[in-house]
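Okay, so here's the structure we're looking at.
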Amino acid sequence: MKVVLMGIQGAGKSTQGNLLAEKYGISYLSSGHIFRTMAQEKTPMGRYIKETMSSGALIPDERTLEIVEGYLDRPEYEAGYILDGFPRTPAQAEAFKNGLDAVLFLDISDKEALWRIAGRIMQGTEIRDDETLPAIRKRIDLFHEYTEPVIEYYRQKGLLEHIDGERDVQEIFNDICKRIEARLAEKQ
Ligand code: AMP
């Protein structure tokens, strides 16, 4: 099973991704997590990634494709994967050749995303470099500019599932599982 999760920061992609990975026994991969790990390296590449991420900007497409596809070639992803944060630009979606079963768009409003992040900041939850308000605003803007066309691209391919992300975690999870299972049943 190959599934992509899309949505702005705070939409619940990693929560739902981890629940799905556990339920279906497949690996969860987050491109943001890959880049955050690389940003810790004390190399010119590590410093470049750290700087790019902290500003809320995107890593260039060619580099992103090479890195994420390199991960997906590993044996743990052979049986399938839940992919979070990639593809996120039209160029990435077009270059990413795969047999996706579904693309899940976890939809929350910009206002709700900002509330959720502000709530985490106020609770004193550990905040990442790219979770400052200016960086988050930039990421939300980039989402509308680059990632919304990707959602449209997958809608036209008949792969998109639009999920209301402003509900209880368990309710969203049940909804997602129902839709995935319906798609898998159709495939058989
Ligand atoms: P995320 O945790 O998915 O929001 O990703 C954190 C940061 O990693 C983003 O703000 C980008 O700088 C970088 N990043 C993650 N995925 C991608 C991608 N598919 N294309 C370009 N940059 C990415």
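Just so you know, my numbering puts 55 at position 73 of the sequence shown, and the rest follows in order with no gaps. Just so you know, even glycine gets a beta-carbon here, dropped at the ideal spot from N, CA and C. Here the structure is a predicted model, which is why all the values come from computation and not from measurement.
Bounds of the alpha helix (DSSP H) holding S36 are 26 to 36. Residue pairing by DSSP puts F87 in a beta bridge opposite M(-12), H144. A distance criterion of 7 Å places the beta-carbon of A39 in contact range of the ligand AMP, judged by its closest non-hydrogen atom. In the structure shown, D157 adopts helical secondary structure according to DSSP, grouped into three states. Bounds of the beta strand (DSSP E) holding Y10 are 9 to 12. According to the DSSP secondary-structure assignment, L65 is paired through a beta bridge with V(-14), L11. If you ignore the 5 residues before and after F155, its C-beta comes within less than 7 Å of the C-beta of Q(-2), L1, all in its own chain and listed in chain order. In terms of Cα proximity to K120, the closest of V(-14), M(-17), Q(-9) is Q(-9). Linking F125 to G81 through their CA atoms gives a straight-line distance of about 24 Å.
Annotation: the continuous alpha helix (DSSP H) that includes A117 extends over 115 to 124. Taking the Cα positions, E58 is about 37 Å away from K93. For N80, no alpha helix (DSSP H) run applies, since DSSP gives it neither H nor E.
In this structure, the ligand AMP has no non-hydrogen atom nearer than 7 Å to the beta-carbon of T(-3). Judged by DSSP secondary structure, P131 falls within the alpha helix (DSSP H) whose first and last residues are 130 to 138. Sequence-distant Cβ neighbours of A73 in its own chain, meaning closer than 7 Å and more than five residues away, are D43. Our two residues, I90 and E153, have alpha carbons roughly 15 Å apart in a direct line. DSSP, read as helix, strand or coil, puts D43 in helix. With fewer than 16 neighbouring CB atoms inside 10 Å of its own CB, V151 falls in the exposed class. The three-state secondary structure of D55, taken from DSSP, is coil.
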